[in-house]
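Have a look at the structure below, then the notes.
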Amino acid sequence: MFPVDLPDVEELTSGSERCLSALESGAVEDQRFGCSQVPVTRGNVFWLQVFEDGPPSSRSVLALRSPDDPDQVLALFLQDSWWSLEDVLRTASPSRTGLVPVASLAERLLVFLLSRVVERLPGEQQLFLLHPRAESCKLLWEGGAAVGFYTFKARGARVDGWSGRCYALPVLDSLQVRRSCRGRGLGLRLLEDFCSTFQEEELLGISSPLSEGLVAVLRKLLGRRRDLRDRLYEVE
Amino acid sequence: ARRNIWLGIQLGRF
Numbered sequence: 022m023f024p025v026d027l028p029d030v031e032e033l034t035s036g037s038e039r040c041l042s043a044l045e046s047g048a049v050e051d052q053r054f055g056c057s058q059v060p061v062t063r064g065n066v067f068w069l070q071v072f073e074d075g076p077p078s079s080r081s082v083l084a085l086r087s088p089d090d091p092d093q094v095l096a097l098f099l100q101d102s103w104w105s106l107e108d109v110l111r112t113a114s115p116s117r118t119g120l121v122p123v124a125s126l127a128e129r130l131l132v133f134l135l136s137r138v139v140e141r142l143p144g145e146q147q148l149f150l151l152h153p154r155a156e157s158c159k160l161l162w163e164g165g166a167a168v169g170f171y172t173f174k175a176r177g178a179r180v181d182g183w184s185g186r187c188y189a190l191p192v193l194d195s196l197q198v199r200r201s202c203r204g205r206g207l208g209l210r211l212l213e214d215f216c217s218t219f220q221e222e223e224l225l226g227i228s229s230p231l232s233e234g235l236v237a238v239l240r241k242l243l244g245r246r247r248d249l250r251d252r253l254y255e256v257e
Numbered sequence: 002a003r004r005n006i007w008l009g010i011q012l013g014r015f
């Protein structure tokens, strides 16, 4: 079992305060994590913000960073244990295969890890902003692990919490496939899934600006799907 | 604001 397979929780910080105060008081001695035996000390542990909104108790998760590279996240404290990022992205459930709509908080955490943590190169700027907690997303599962995702806004969804403006068309907001899984048509699969989810819609939006990688996938898609050529728009 | 993606690709804008 992996964190995403455990019973759903309301918050991601179960036991974290206890873990933190044990570290602060020195109650635990010489705790180490993973094959590189990174010491779990108060100095190596920090709160990693996962969502831009929601109650403070479930906006962040306790994380372990590398003592050599403070930007590198090694593990997360979930449901009373430390888990490596690769294990957090894994599943033991055979039903998690292909594209699955995100429902649980743990699945939302996976979207966050894929978009902001595991694919980030040292010194690289963040490609995506933090997602709101209620964002519509789908995860792509392959070989027992989450390997990609896309997020979208349905037509009529609120643009923000205050102006009352709504999306005039469904918009694909962000899309990502893990580097190790690229070049196998998975990006195309994500894009086609978005288009078929909203096949009744006349126009479909892709959020601006488009990355080079996404343009390459779009070129491939539109090269063979004439029906989509008049329907896909870059939107601001 | 919106612009057609296929047209943009054809015109080399992307």
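Chains as they are written, first to last, in our numbering: chain A, 22 to 257; chain B, 2 to 15.
We put the CB at the ideal spot given by N, CA and C, even for glycine.
Consider the Cβ of residue i: report whether some Cβ of chain A lies at a distance smaller than 7 Å.
{"i": "ARG4(B)", "result": "yes"}
Nearest by alpha-carbon distance to residue i: which of the options is it?
{"i": "VAL109(A)", "options": "PRO122(A), SER116(A), VAL138(A)", "result": "VAL138(A)"}
{"i": "ARG111(A)", "options": "GLY164(A), LEU224(A), VAL121(A)", "result": "GLY164(A)"}
{"i": "ASP51(A)", "options": "THR62(A), LYS241(A), GLU45(A)", "result": "THR62(A)"}
{"i": "SER201(A)", "options": "TRP103(A), PRO91(A), PHE98(A), GLU107(A)", "result": "GLU107(A)"}
{"i": "ALA84(A)", "options": "GLU73(A), LEU97(A), ARG154(A), ASP92(A)", "result": "LEU97(A)"}
{"i": "LEU262(A)", "options": "GLY204(A), PRO24(A), SER229(A), PHE54(A)", "result": "The structure shown has nothing for residue 262(A), since chain A only spans 22 to 257."}
{"i": "GLY64(A)", "options": "LEU41(A), GLN147(A), GLU73(A)", "result": "LEU41(A)"}
{"i": "GLU145(A)", "options": "GLY185(A), GLY47(A), GLN93(A)", "result": "GLN93(A)"}
{"i": "CYS158(A)", "options": "SER136(A), GLU140(A), PRO60(A)", "result": "SER136(A)"}
{"i": "LEU148(A)", "options": "LEU243(A), LYS241(A), PRO230(A), ARG240(A)", "result": "PRO230(A)"}
{"i": "PHE67(A)", "options": "SER46(A), SER87(A), LEU212(A), ARG53(A)", "result": "SER87(A)"}
{"i": "ASP90(A)", "options": "ARG53(A), LEU142(A), TRP103(A), LEU44(A)", "result": "LEU142(A)"}
{"i": "VAL59(A)", "options": "GLU45(A), ARG210(A), TRP103(A), ARG246(A)", "result": "TRP103(A)"}
{"i": "ARG205(A)", "options": "LYS241(A), TRP183(A), GLU257(A)", "result": "LYS241(A)"}
{"i": "GLU213(A)", "options": "PRO77(A), LEU44(A), GLU140(A), LEU243(A)", "result": "LEU243(A)"}
Any C-beta of chain B sitting closer than 7 Å to the C-beta of residue i?
{"i": "GLU50(A)", "result": "no"}
{"i": "VAL180(A)", "result": "no"}
{"i": "TYR254(A)", "result": "yes"}
{"i": "LEU243(A)", "result": "yes"}
{"i": "ARG210(A)", "result": "no"}
{"i": "VAL236(A)", "result": "yes"}
{"i": "GLU145(A)", "result": "no"}
{"i": "LEU239(A)", "result": "yes"}
{"i": "ARG250(A)", "result": "yes"}
{"i": "GLU156(A)", "result": "no"}
{"i": "GLU257(A)", "result": "yes"}
Between which residues of its own chain and residue i is the CB-CB distance below 7 Å, once the five residues before and five after are set aside?
{"i": "LEU160(A)", "result": "VAL121, VAL123, GLU128, LEU131, VAL132, ALA167, PHE170"}
{"i": "GLU156(A)", "result": "THR172"}
{"i": "ASP26(A)", "result": "THR112, ALA113, SER114"}
{"i": "CYS216(A)", "result": "LEU225, LEU249"}
{"i": "PHE219(A)", "result": "PRO191, LEU225"}
{"i": "LEU134(A)", "result": "LEU106, VAL109, LEU110"}
Using a Cβ-Cβ cutoff of less than 6 Å, which residues in the same chain neighbour residue i once the five nearest sequence positions on both sides are dropped?
{"i": "ALA175(A)", "result": "PRO191"}
{"i": "TYR188(A)", "result": "LYS174, ARG176, ALA178"}
{"i": "ILE227(A)", "result": "LEU193, GLU255"}
{"i": "THR118(A)", "result": "TRP162"}
{"i": "ASP101(A)", "result": "GLY36"}
{"i": "ARG154(A)", "result": "PHE72, ASP74, GLY75"}
{"i": "GLY9(B)", "result": "PHE15"}
So, at 8 Å on beta carbons, what are the nonlocal neighbours of residue i in its own chain, with the 5 sequence-adjacent residues on each side left out?
{"i": "GLY208(A)", "result": "GLY169, LEU196, VAL198, GLY234, LEU235, VAL238"}
{"i": "GLN70(A)", "result": "ARG80, SER81, LEU151"}
{"i": "GLY126(A)", "result": "In the sequence under discussion, the amino acid at residue 126(A) is Leu, which differs from the Gly named in the question. Excluding positions up to five away in sequence, the list reads ASP29, VAL30, GLU31, GLU32, LEU33, SER79."}
{"i": "GLY55(A)", "result": "LEU95, ALA96, SER105"}
Within the chosen definition, does the stretch 33 to 42 of chain A reach the stretch 178 to 196 of chain A through at least 3 CB pairs nearer than 8 Å?
In this structure the stretch 33 to 42 of chain A does not lie against the stretch 178 to 196 of chain A, because fewer than three pairs of beta carbons, one per stretch, are closer than 8 Å.
Quick one, which residues of the stretch 182 to 204 of chain A are near chain B if we go by CB-CB under 7 Å, in chain order?
Under the 7 Å Cβ criterion, the stretch 182 to 204 of chain A contributes no residue.
Taking one C-beta from the stretch 215 to 230 of chain A and one from the stretch 243 to 252 of chain A each time, how about it: are there three or more such pairs within less than 8 Å?
Taking a cut-off of 8 Å for Cβ pairs, the stretch 215 to 230 of chain A and the stretch 243 to 252 of chain A touch, as three or more such pairs fall below it.
Scan the stretch 212 to 231 of chain A for residues whose Cβ lies nearer than 9 Å to a Cβ of chain B and list them as they occur along the chain.
So the close ones are LEU224, GLY226, ILE227, SER229, LEU231.
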